[in-house]
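Everything on this sheet refers to the single structure shown next.
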Amino acid sequence: MQFTAAQISILLSGKLEGSADTTVSSFGKIEEAQEGQLTFLANPKYEEYLYTTNASIAIINEGYELRHQVKPTLIRVQDAYTGFAQLLSKYQEMVTQQLKGIQQPSYISKSAKLADDVYVGAFSYIGDNVHVAAGTKIFPNSFIGDNVTIGANCMIHPGVKIYHDCELGNHVNIHAGAVIGSDGFGFAPQVDGSFKKVPQIGNVVIEDHVEIGANTTIDRATMGSTTIKTGAKLDNLIQIAHNVEVGNSTVIAAQAGVSGSTKIGNNVMIGGQAGLVGHIQIADGAKINAQSGVSKSMKEPYSAVTGSPAGDYTSSLRSQAVFRNLPQLEKRIQELEALVRQLMEERVVSGE
Amino acid sequence: MQFTAAQISILLSGKLEGSADTTVSSFGKIEEAQEGQLTFLANPKYEEYLYTTNASIAIINEGYELRHQVKPTLIRVQDAYTGFAQLLSKYQEMVTQQLKGIQQPSYISKSAKLADDVYVGAFSYIGDNVHVAAGTKIFPNSFIGDNVTIGANCMIHPGVKIYHDCELGNHVNIHAGAVIGSDGFGFAPQVDGSFKKVPQIGNVVIEDHVEIGANTTIDRATMGSTTIKTGAKLDNLIQIAHNVEVGNSTVIAAQAGVSGSTKIGNNVMIGGQAGLVGHIQIADGAKINAQSGVSKSMKEPYSAVTGSPAGDYTSSLRSQAVFRNLPQLEKRIQELEALVRQLMEERVVSGE
Amino acid sequence: MQFTAAQISILLSGKLEGSADTTVSSFGKIEEAQEGQLTFLANPKYEEYLYTTNASIAIINEGYELRHQVKPTLIRVQDAYTGFAQLLSKYQEMVTQQLKGIQQPSYISKSAKLADDVYVGAFSYIGDNVHVAAGTKIFPNSFIGDNVTIGANCMIHPGVKIYHDCELGNHVNIHAGAVIGSDGFGFAPQVDGSFKKVPQIGNVVIEDHVEIGANTTIDRATMGSTTIKTGAKLDNLIQIAHNVEVGNSTVIAAQAGVSGSTKIGNNVMIGGQAGLVGHIQIADGAKINAQSGVSKSMKEPYSAVTGSPAGDYTSSLRSQAVFRNLPQLEKRIQELEALVRQLMEERVVSGE
Numbered sequence: 545m546q547f548t549a550a551q552i553s554i555l556l557s558g559k560l561e562g563s564a565d566t567t568v569s570s571f572g573k574i575e576e577a578q579e580g581q582l583t584f585l586a587n588p589k590y591e592e593y594l595y596t597t598n599a600s601i602a603i604i605n606e607g608y609e610l611r612h613q614v615k616p617t618l619i620r621v622q623d624a625y626t627g628f629a630q631l632l633s634k635y636q637e638m639v640t641q642q643l644k645g646i647q648q649p650s651y652i653s654k655s656a657k658l659a660d661d662v663y664v665g666a667f668s669y670i671g672d673n674v675h676v677a678a679g680t681k682i683f684p685n686s687f688i689g690d691n692v693t694i695g696a697n698c699m700i701h702p703g704v705k706i707y708h709d710c711e712l713g714n715h716v717n718i719h720a721g722a723v724i725g726s727d728g729f730g731f732a733p734q735v736d737g738s739f740k741k742v743p744q745i746g747n748v749v750i751e752d753h754v755e756i757g758a759n760t761t762i763d764r765a766t767m768g769s770t771t772i773k774t775g776a777k778l779d780n781l782i783q784i785a786h787n788v789e790v791g792n793s794t795v796i797a798a799q800a801g802v803s804g805s806t807k808i809g810n811n812v813m814i815g816g817q818a819g820l821v822g823h824i825q826i827a828d829g830a831k832i833n834a835q836s837g838v839s840k841s842m843k844e845p846y847s848a849v850t851g852s853p854a855g856d857y858t859s860s861l862r863s864q865a866v867f868r869n870l871p872q873l874e875k876r877i878q879e880l881e882a883l884v885r886q887l888m889e890e891r892v893v894s895g896e
Numbered sequence: 545m546q547f548t549a550a551q552i553s554i555l556l557s558g559k560l561e562g563s564a565d566t567t568v569s570s571f572g573k574i575e576e577a578q579e580g581q582l583t584f585l586a587n588p589k590y591e592e593y594l595y596t597t598n599a600s601i602a603i604i605n606e607g608y609e610l611r612h613q614v615k616p617t618l619i620r621v622q623d624a625y626t627g628f629a630q631l632l633s634k635y636q637e638m639v640t641q642q643l644k645g646i647q648q649p650s651y652i653s654k655s656a657k658l659a660d661d662v663y664v665g666a667f668s669y670i671g672d673n674v675h676v677a678a679g680t681k682i683f684p685n686s687f688i689g690d691n692v693t694i695g696a697n698c699m700i701h702p703g704v705k706i707y708h709d710c711e712l713g714n715h716v717n718i719h720a721g722a723v724i725g726s727d728g729f730g731f732a733p734q735v736d737g738s739f740k741k742v743p744q745i746g747n748v749v750i751e752d753h754v755e756i757g758a759n760t761t762i763d764r765a766t767m768g769s770t771t772i773k774t775g776a777k778l779d780n781l782i783q784i785a786h787n788v789e790v791g792n793s794t795v796i797a798a799q800a801g802v803s804g805s806t807k808i809g810n811n812v813m814i815g816g817q818a819g820l821v822g823h824i825q826i827a828d829g830a831k832i833n834a835q836s837g838v839s840k841s842m843k844e845p846y847s848a849v850t851g852s853p854a855g856d857y858t859s860s861l862r863s864q865a866v867f868r869n870l871p872q873l874e875k876r877i878q879e880l881e882a883l884v885r886q887l888m889e890e891r892v893v894s895g896e
Numbered sequence: 545m546q547f548t549a550a551q552i553s554i555l556l557s558g559k560l561e562g563s564a565d566t567t568v569s570s571f572g573k574i575e576e577a578q579e580g581q582l583t584f585l586a587n588p589k590y591e592e593y594l595y596t597t598n599a600s601i602a603i604i605n606e607g608y609e610l611r612h613q614v615k616p617t618l619i620r621v622q623d624a625y626t627g628f629a630q631l632l633s634k635y636q637e638m639v640t641q642q643l644k645g646i647q648q649p650s651y652i653s654k655s656a657k658l659a660d661d662v663y664v665g666a667f668s669y670i671g672d673n674v675h676v677a678a679g680t681k682i683f684p685n686s687f688i689g690d691n692v693t694i695g696a697n698c699m700i701h702p703g704v705k706i707y708h709d710c711e712l713g714n715h716v717n718i719h720a721g722a723v724i725g726s727d728g729f730g731f732a733p734q735v736d737g738s739f740k741k742v743p744q745i746g747n748v749v750i751e752d753h754v755e756i757g758a759n760t761t762i763d764r765a766t767m768g769s770t771t772i773k774t775g776a777k778l779d780n781l782i783q784i785a786h787n788v789e790v791g792n793s794t795v796i797a798a799q800a801g802v803s804g805s806t807k808i809g810n811n812v813m814i815g816g817q818a819g820l821v822g823h824i825q826i827a828d829g830a831k832i833n834a835q836s837g838v839s840k841s842m843k844e845p846y847s848a849v850t851g852s853p854a855g856d857y858t859s860s861l862r863s864q865a866v867f868r869n870l871p872q873l874e875k876r877i878q879e880l881e882a883l884v885r886q887l888m889e890e891r892v893v894s895g896e
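Protein chains in written order, with the working numbering: chain P, 545 to 896; chain G, 545 to 896; chain E, 545 to 896.
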């Protein structure tokens, strides 16, 4: 797709300087952009590149004062970064809106109900009684199990697997290879030391505006639902166990893991590779540092923890600081012991 | 599927109270169950819900004494939870037994041998000389490489990838996206600092009654086999490296990782996100806490470790307790130093 | 495939002892090998098995002196292990070279350009304007998005997902279920506490001779490229975030994670389950121990760190050693406190 400077300027309600007919067909960073690309200048650190860039169009801040002549056509907006991001969003929307219809071969059960403009990529499997609402794109090689419902304007990227009976809201974005609704890890120990599977007959409910990263796994509940609430954002390779609840607008970084039945509040931030044990509660706004091991509930809203096992953020940092000096600390104790021994001995001597 | 109270009562050898004709078609937790659902009461904490639930049928303990009238038809059994779990198992068996036959399109090599009642989902690939025994279900979008053998009554969930020459026993359950038999991570360092791949020509052997979680990866051996023994249960996103052995009825929680050639005994329990280095032995019944980093063999059966690097469980907990007070400990040392300095100075003065 | 001792001997420029007509069709470890298999003896620890093995052919070191008669035909080479590995490589090459042509059903866009001898497995999806060079094998159930370029002699194992616009060099090996080019995890916080997606319009560039493990995820850049440089080797279940750079011949073990915009130098070694925060630099030749949490740049080439948070390797090991004795250390402080208290009290008494 090609766009003229005039079109972009109108889209952003910007002010045009230079040729209105200049065209671009892709995007580039200001230090790398080539002819035919659109770029932006937001960070003053990159200012020099504005005068050397080969980009054809540059978005800049309204109030920016040019120090020399520039090659690109300029579009001035209130905030150049926001304007550029808006443009990217619009561009991606246009690209994905072109995806429509059912590619062949695909497998769609007769009892499945798909809105007219849904996209189903080749080699995707849509099971019995599946419902998919308008504007949703299901990319190739995906598996949508029986009785799954998917809301409007979702993106199901390639190779996503959604087990039977799970429910997705609107504007849900699931990245490639993610697994939604696999069995919770529940086994009853038997007297002979073996384990017997506890059937997992609940489901996973994903509310609106949730993003799920690539190869993340979310297990179905034993009974009831594992729930990811509105606006939560999950990165790649995350493990969410059965019956977990993730609150609204909670953000979880890559490779973190949440054990069974733990309830996470709203606006919580969980760092990468952090782990949470099962059956605990995390209050709203809590911050869990990367690689933390959270073994008990965080009841105080907006509190922060770090470390494994995790402790209060500030005092854990202090302990970690001392930890780095432990050998010196031990030496100081040895020196004290020598001195005190000397004092004790002298006391004995002088006491005689 | 619909079931009557009479049918369920017979199935569980239970005692019926109320209308034998009441029907249910799904399951629910006692605090949430709706009309047409079956529920159970096992935990006395939930007793009150028995008198308010909208469930149509409830399974309760033989000896439970009703305090008021109840709406649902009751089925009394020795242990309500066990009865309910039995029912779930039977139900899931019935649902999956309906899956039979080869969905189209699928790719099945002419040299593959599949038992009559095997299910192969659409877009599954079955390579040359593959053998699949009776009752096994292979869900859509799965890849079964050349010469793989799969025993009876296995569940291969959607998008599982099994590389060539791997062997699965009976009643093996592999969840979506798991990869069995990818190359072990073996590279020989070259003089110029680059690495040369060491061919990985072994396989993976998975014995009977093993469960493998979603997106878990199990690498093939360099030579010989990576082995997961009878009844072992592996959660999601686990890494098992080449030539590892996992013992009978060993349980590994999500995101744990086991490095190459490590041998894990029987009935071992490994917590989530734990890591084991390569070439070590873990004795039977060992317990490895979540997020532990095990860097040497555990030779004592039924011993336990925690921490990274992992140490004996009890003494590590003690060290962790002191760690939390390290800043205070340092302060105590400072105070001691001040006092001892004072004593030393006074001694000098009085000694003069 | 069957090979005679004569053929193998010529292939390895080895010296034959025994029947030149002996045939083998597979490989085995010396302690397990059966008739019809080829084995080798390199490690003197396994010497005894040479005299009991059922292998039909054994590769041994040139200078090895036989102590008894042996059953297998022998092939003597300078270094038995290297010879055996060469043979394995050749064997695997021959097996994969047999893979050619387009299996059906597959989906290949009319605008895609595939070299003549490319293999495309069934149920693979090749998008618009994809380029695939000679000798590359794309296994079943893979997804290659629009505008992707793949070099020569690559192996794309089953179920790999490569998003649009990514670029792969030559001799790249990507294992099953890996995801290349999923969206970076970028969200702008809004005033109401919710998050707005920042479009991710960059790509992933993978240079020559890179290996990517099963179910590993590599996110596309926000703008520009996430880059994996020549000869880098990545194990399974690794997370590489947007705009990361991984240097030449750098090796990353399973389940490690690298946060956004971090630049990793050449010949770096990163242990399993290690985590790196975003926006840092790691110098050439650095060593990061398993489970480390690296929170700041490593500027010194060939330096090493361990621990979470990570510190200098040697001093962290010392701190860890003291950590294990923390309870005793605390006891020593208590004893010192008691003695000093006694000395202080005596001083007061004697000072009166």
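Backbone N, C-alpha and C define an ideal beta-carbon position, used for all residues, glycine too.
- Query: Which residues, in order along the segment 760–789 of chain E, keep a beta-carbon less than 7 Å from a beta-carbon of chain G?
  - Reply: G775, K777, D779, N780 and L781
- Task: May I have the straight-line CA-CA distance separating H719 of chain P from P616 of chain E, to the nearest angstrom?
- Result: Taking the first residue of the first sequence as 1, we reach residue 719 of chain P at position 175. Taking the first residue of the third sequence as 1, we reach residue 616 of chain E at position 72. Each residue's alpha carbon lies about 53 Å from the other.
- Query: Is it buried or exposed for V639 of chain P, if we count other Cβ within 10 angstroms and need 16 for buried?
  - Reply: The count along the first sequence starts at 1 and reaches residue 639 of chain P at position 95. Exposed is the call here.
- Item | Cutoff 8 Å: E896 of chain E Cβ touching any chain G Cβ | Locating residue 896 of chain E in the third sequence gives position 352, counting from the first residue. Since pLDDT at E896 of chain E reaches only 49, below the 50 mark, its modelled position is unreliable, and no value is offered.
- Message: Along the chain, where does the beta strand (DSSP E) containing T917 of chain E start, and where does it finish?
- Response: A question about residue 917 of chain E goes unanswered here, because the residues of chain E that appear run from 545 up to 896.
- Item | 6 Å CB neighbourhood of S841 of chain G in its chain, flanking five on each side removed | Within the second sequence, residue 841 of chain G is the residue found at index 297, counting from 1. These residues qualify, in order along the chain: I824 and Q825.
- Is there at least one Cβ from chain P nearer than 8 Å to F729 of chain G's Cβ? In the second sequence, the residue the question calls residue 729 of chain G occupies position 185. No, F729 of chain G does not count as interfacial toward chain P.
- Query: Alpha carbon to alpha carbon, how far is E561 of chain P from F867 of chain P?
  - Reply: For the purposes of this step, residue 561 of chain P is taken as residue 17 along the first sequence, with counting starting at 1. For the purposes of this step, residue 867 of chain P is taken as residue 323 along the first sequence, with counting starting at 1. Taking the straight line joining both Cα atoms gives about 59 Å.
- Query: From S805 of chain E to G837 of chain E, what distance separates their C-alpha atoms?
  - Reply: Position 261 of the third sequence, counted from the first residue, corresponds to residue 805 of chain E. Position 293 of the third sequence, counted from the first residue, corresponds to residue 837 of chain E. C-alpha separation (whole angstroms): 16 Å.
- Query: Start and end of the alpha helix (DSSP H) containing I601 of chain E?
  - Reply: Taking the third sequence and counting its residues from 1, one reaches residue 601 of chain E at position 57. Where I601 of chain E is concerned, there is no enclosing alpha helix (DSSP H), although the beta strand (DSSP E) it sits in stretches over I601 to N605.
- Message: Which runs of the beta strand (DSSP E) at least 3 residues long sit entirely within the segment 808–860 of chain E? Give them in chain order.
- Response: 848–850
- Min CB distance A696 of chain G to chain P below 8 Å: Working through the second sequence from its first residue, we reach residue 696 of chain G at position 152. Not closer than 8 Å to any Cβ of chain P, the Cβ of A696 of chain G fails to qualify, so no.
- Task: For G801 of chain G, decide whether its Cβ has a neighbour in chain E, counting only Cβ atoms nearer than 8 Å.
- Result: Your numbering for residue 801 of chain G matches position 257 in the second sequence. So, interface residue.
- Task: Might you give, ordered along the chain, the residues of its own chain that have their beta carbon closer than 6 Å to the beta carbon of I814 of chain E, omitting 5 neighbours on each side?
- Result: The residue labelled residue 814 of chain E in the question sits at position 270 within the third sequence. Here the set comprises I796, A800 and I832.
- Message: When you compare the CB positions of V812 of chain E and D828 of chain E, do they come within less than 8 Å of one another, or not?
- Response: Taking the third sequence and counting its residues from 1, one reaches residue 812 of chain E at position 268. Taking the third sequence and counting its residues from 1, one reaches residue 828 of chain E at position 284. Yes. Within cutoff.
- Starting from V621 of chain G and walking both ways along the beta strand (DSSP E), at which residues does that stretch end? For the purposes of this step, residue 621 of chain G is identified with residue 77 of the second sequence, where counting begins at 1. Unbroken beta strand (DSSP E) run through V621 of chain G: T617 to V621.
- Length of the line joining the Cα atoms of S553 of chain E and I670 of chain P: Start at 1 with the first residue of the third sequence, and residue 553 of chain E comes out as number 9. Start at 1 with the first residue of the first sequence, and residue 670 of chain P comes out as number 126. Straight-line Cα distance between these residues: approximately 55 Å.
- Message: For V742 of chain P, which residues in the same chain have their Cβ closer than 6 Å to its Cβ, ignoring the five residues on either side in sequence?
- Response: By 1-based counting over the first sequence, the position of residue 742 of chain P is 198. These residues qualify, in order along the chain: G730 and A732.
- Task: Would you list the residues sitting across from P733 of chain E in a DSSP beta bridge?
- Result: As a position in the third sequence, residue 733 of chain E is number 189, starting the count at 1. DSSP output for P733 of chain E lists E:F739 as bridge partner(s).
- Message: Against chain G, which members of the segment 862–890 of chain E pass a CB distance test of less than 7 Å?
- Response: Q864, F867, R868, L870, P871, E874, I877, L880, E881, V884, L887 and M888
- Using a C-beta cutoff of 8 Å, does F547 of chain G count as contacting chain P? Within the second sequence, numbered from 1, the residue matching residue 547 of chain G stands at position 3. Chain P contact via Cβ: absent.
- Message: Please state whether the Cβ-Cβ distance between N792 of chain E and G768 of chain E is less than 8 Å.
- Response: Taking the first residue of the third sequence as position 1, residue 792 of chain E is located at position 248. Taking the first residue of the third sequence as position 1, residue 768 of chain E is located at position 224. Their beta carbons are not under 8 Å apart, which means N792 of chain E does not touch G768 of chain E by this criterion.
- Item | Rounded straight-line distance, which links the Cα of M699 of chain P to that of E744 of chain E | Against the third sequence, residue 744 of chain E aligns to sequence position 200. Against the first sequence, residue 699 of chain P aligns to sequence position 155. The amino acid at residue 744 of chain E is misidentified as Glu; the sequence shows Gln. Each residue's alpha carbon lies about 15 Å from the other.
- Query: Among G:A677, G:A765, G:S600 and G:K634, which residue has its Cα nearest to the Cα of F571 of chain E?
  - Reply: In the third sequence, the residue the question calls residue 571 of chain E occupies position 27. Selected option, being the one with the closest Cα: G:A765.
- In chain order, what residues of the same chain have a beta carbon less than 6 Å from the beta carbon of I646 of chain P, not counting five sequence neighbours either side? For the purposes of this step, residue 646 of chain P is taken as the residue at position 102 of the first sequence. Contacts found: V664.
- Anything in chain E within Cβ reach of P649 of chain G, meaning under 9 Å, just list it in chain order. To locate residue 649 of chain G, count along the second sequence from 1; it is residue 105. Per Cβ cutoff of 9 Å: Q648, P649, A666 and F667.
- Excluding the 5 residues preceding and the 5 following V788 of chain E in the sequence, name in chain order all residues of the same chain whose CB lies nearer than 6 Å to its CB. Taking the first residue of the third sequence as 1, we reach residue 788 of chain E at position 244. Once the five neighbours on either side are set aside, the close Cβ partners of V788 of chain E are T770, V802 and T806.
- Taking the runs of the beta strand (DSSP E) that are 3 residues or longer, which of them lie wholly in the segment 643–731 of chain G? 723–726
- Let me know if K559 of chain G comes out buried or exposed under the rule of 16 or more other beta-carbons within 10 Å of its beta-carbon. Counting from one through the second sequence, the residue named residue 559 of chain G turns up at place 15. That one is exposed.
- Message: Tell me the rounded alpha-carbon separation between G703 of chain P and D690 of chain G.
- Response: If you number the first sequence from 1, residue 703 of chain P lands on position 159. If you number the second sequence from 1, residue 690 of chain G lands on position 146. Going by the C-alpha atoms only, they are around 22 Å apart.
- Closest to L585 of chain E by CA distance: which of E:F547, E:T626 and E:A549 is it? Translated into positions along the third sequence, residue 585 of chain E becomes position 41. Minimum Cα distance to L585 of chain E is reached at E:T626.
- Query: Between V849 of chain G and L582 of chain P, what straight-line distance do the alpha-carbon atoms span, to the nearest angstrom?
  - Reply: As a working mapping, residue 849 of chain G is identified with position 305 in the second sequence. As a working mapping, residue 582 of chain P is identified with position 38 in the first sequence. C-alpha separation (whole angstroms): 57 Å.
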